[in-house]
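Position in the sequence shown counted from 1, then plus 92, gives you the working numbering.
C-beta atoms are modelled at their ideal positions from N, C-alpha and C, and glycine is treated no differently.
Please read all numbers here as calculations on a predicted model, not as lab measurements.
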Amino acid sequence: MSPYSKLIVYYFSGTGNSKNVAQWLCRKAKETGLHTEVLNIADVDCTGITPPDPQALVAFTSPVHGFNYPPIMLHFLRKFPGGHNNVLLMNTRAGMLIGKWVTPGLSGITFYLAALLLWSKGYSIRSMFPVDMPSNWISIHPGLNARTVRFLHAKNEERVSKFAGKVVSGGSDFKGLRDIIQNVLISPISVGYYLAGRFFLAKTFYASKNCDDCGACIRGCPVQAIKKVDGRPFWTFNCESCMKCMSNCPKKAIETGHGYTAAVCFAFSYLLQNVIHANLETMPPVLQNGFISFIVESLLMIGFFAISYRAIHYLLRIKPIERLIVYTSLTKFKFWGRRYKALKNFHS
């Protein structure tokens, strides 16, 4: 017998991992007779979030981006109304497979920051539960094969079902705290990603000549980060790198520009070393402070990438340049660019 009136799950998902976790959680809850409600936060108006039923168990699940919840989830949590419900915090954090050993991802500050935000609003945290769903980040690593994807789905469905049975009956689960040492050690990366890294990554996506202007990426973007500029998709700084556009493109026209990204990084590093660092002693003392220097350099990097990306977006209209950019993009090649989508309605 559950002590709760219902289970409400709020999720954000790009390629379907967190959506599957939300559905598995609710499936098990329904088996116990508990009413459930699943809400995609990308479809929720943050200015008018309905407070949850006081007797409901509330869950939040989202992928980990830069060892933290992505900005869309953090913004949602900041806007979430106060209450006294019990809360489950979950995430999906890029699992891999070696043989039959699931290599875990890292949550970073995901749970700690979210718990602090919700605790300040009156909520009681009853779980911090990471789920090592298949990594979809083919901008960084080769896509996973079908066997790995299916194995990780089966393994994690079982884990989530056991977890659900425990928490809907009034229990708690804080497996996420087992990695607290690793998570604290990588926490500076979370800050760097939030302040600069995510903006840098937003400018690594482009559409090749295979794009047929169907508009699926623009319509499907959960944060409206893609717009049409000069007749082709253009990624703005709002991009969450959720990989939904790349995974859903029917023509596989969306790529990560590894070659041009490396070239822009090299150009920026050269300018930074020979213009900024070479004249550091002549600059005001405040700019010589380590933290201030990091902020200034991050802003310069973001600006440099914005200008470079605009130029590259224009140059993509020139076929030889477009081909050069495409064939220096690892996602173009079969050994790397296997697009990922979570298995729909998966039930092992």
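Between alanine 345 and asparagine 330, the CB-CB gap reaches or exceeds 7 Å. By the CB criterion at 7 Å, methionine 335 and glycine 125 fall outside the cutoff. Residue pairing from DSSP leaves glutamate 249 without any beta-bridge partner. Judged by DSSP in its simplified three-state form, isoleucine 410 adopts coil rather than helix or strand.
For arginine 239, the number of other beta carbons within 10 angstroms of its own is below 16, and it is reported as exposed. The three-state reading of DSSP puts methionine 393 in helix, counting H, G and I together. Counting C-beta atoms within 10 angstroms of its own C-beta, tryptophan 327 has 16 or more neighbours from the protein chains shown and is therefore classed as buried. In the same chain as leucine 364, and ignoring 5 residues on each side of it, the C-beta atoms closer than 7 Å to its own belong to Glu389, in chain order.
Secondary structure of asparagine 132 (DSSP, three-state): strand. Beta-bridge pairing by DSSP links aspartate 265 to Ser219.
Taking a C-beta distance under 7 Å as the contact criterion, leucine 422 and isoleucine 413 do not qualify as a contact pair. Per the Cβ contact rule, the segment 260–277 is in contact with the segment 211–222 (3 or more Cβ pairs under 8 Å). With a threshold of 16 other beta carbon atoms within 10 Å, arginine 290 meets it and is buried. CA-CA distance, leucine 169 to glycine 349, rounds to 33 Å.
Of the candidates Pro234, Ile281 and Phe292, the residue whose Cα lies closest to the Cα of phenylalanine 427 is Pro234. For the pair tryptophan 116 and glutamate 249, the CB atoms are nearer than the 7 Å cut-off. C-alpha of lysine 301 to C-alpha of proline 95: approximately 56 Å in a straight line. Note on geometry: alpha-carbon atoms of serine 97 and leucine 149 lie some 8 Å from one another. Assignment of methionine 188 by DSSP, reduced to helix, strand and coil, places it in the strand class.
Between the segment 200–212 and the segment 389–400 there are fewer than three C-beta pairs closer than 8 Å, too few to call the two in contact. The beta carbon of serine 282 is closer than 7 Å to those of Gly158, Phe159, Asn160, Gly200 and Ile201 in its chain, skipping five residues each way along the sequence. Nearest Cα to isoleucine 133 within the set Pro146, Asp145, Lys120 and Lys111: Lys111.
Counted as a single uninterrupted DSSP element, the beta strand (DSSP E) harbouring valine 150 occupies residues 149–155.
Following the DSSP letters along the chain, one finds isoleucine 318 inside the beta strand (DSSP E) bounded by residues 318–321. Under DSSP, alanine 299 shares a beta bridge with Ile346. Ranked by Cα distance from proline 342, the first of Asn237, Glu332 and Arg431 is Arg431. Excluding its 5 nearest sequence neighbours in each direction, valine 315 has C-beta neighbours in its own chain below 6 Å: Ile164, Asn330 and Glu332, listed in chain order. Histidine 176 counts as exposed, since fewer than 16 other beta carbons sit within 10 angstroms of its beta carbon. Valine 113 and threonine 184 do touch by the CB rule: their CB atoms are close to 6 Å apart, below 8 Å. No residue range can be given for leucine 287, since it is assigned to no beta strand (DSSP E) and is classified by DSSP as neither H nor E.
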